[in-house]
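In the working numbering, the protein residues as written are 1 to 123.
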């Protein structure tokens, strides 16, 4: 029983540390002039780098639908993965219909949430 209790305490401590790290990252982004600048590439770069650093992942991407919704393009990338996505990489929606259909449904919601969270106006 004590081992479970110690394990539970460690899990709670890790969870709390993660929450603090994520809140700090969001606050830092909210005040970051680069994120609020007219330089979309610099803002996206800052967002993906912050994501990697904050959630401890090797890479992160930002993808954007084309205006006619026929393509999904990688517009920002952070990390090192020679097989991974790079800025400019495109996926045709016709090649991944179900996956991209789901993303399109969620895109509006996520975009509104992102703008509410960081007060963006340029994306």
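C-beta: ideal position from N, C-alpha, C; glycine also.
message: Whole angstroms are fine: how far does the CA of residue 43 sit from the CA of residue 52?
response: In the chain shown, residue 52 corresponds to position 52, counting from 1. In the chain shown, residue 43 corresponds to position 43, counting from 1. When only Cα atoms are considered, residue 52 and residue 43 end up about 14 Å apart.
query: Using the rule of at least 16 other Cβ atoms within 10 Å of the residue's Cβ for burial, across every protein chain shown, is residue 35 buried or exposed?
result: Taking the chain shown and counting its residues from 1, one reaches residue 35 at position 35. It is buried - the Cβ of residue 35 has at least 16 other Cβ atoms within 10 Å.
message: Taking a contact to mean a Cβ-Cβ separation below 8 Å, would you say residue 60 touches residue 79 in this structure?
response: Here residue 60 is taken as the residue at index 60 of the chain shown, counted from 1. Here residue 79 is taken as the residue at index 79 of the chain shown, counted from 1. For residue 60 and residue 79, yes; Cβs fall inside 8 Å.
query: In whole angstroms, what is the alpha-carbon distance linking residue 49 and residue 25?
result: As a first step, residue 49 must be located in the chain shown, where it is residue number 49. As a first step, residue 25 must be located in the chain shown, where it is residue number 25. So the two alpha carbons sit approximately 11 Å from each other.
query: Is DSSP giving residue 77 helix, strand or coil here?
result: Counting from 1 along the chain shown, the entry for residue 77 is found at position 77. Strand at residue 77.
- request: List the DSSP bridge partners of residue 61.
  value: In the chain shown, counting from the first residue as 1, residue 61 sits at position 61. In the DSSP secondary-structure assignment, residue 61 is bridged to 77.
message: Taking the alpha helix (DSSP H) that residue 48 belongs to, which residues open and close that run?
response: As a position in the chain shown, residue 48 is number 48, starting the count at 1. In the DSSP annotation of this structure, the continuous segment of the alpha helix (DSSP H) that includes residue 48 starts and ends at 40-55.
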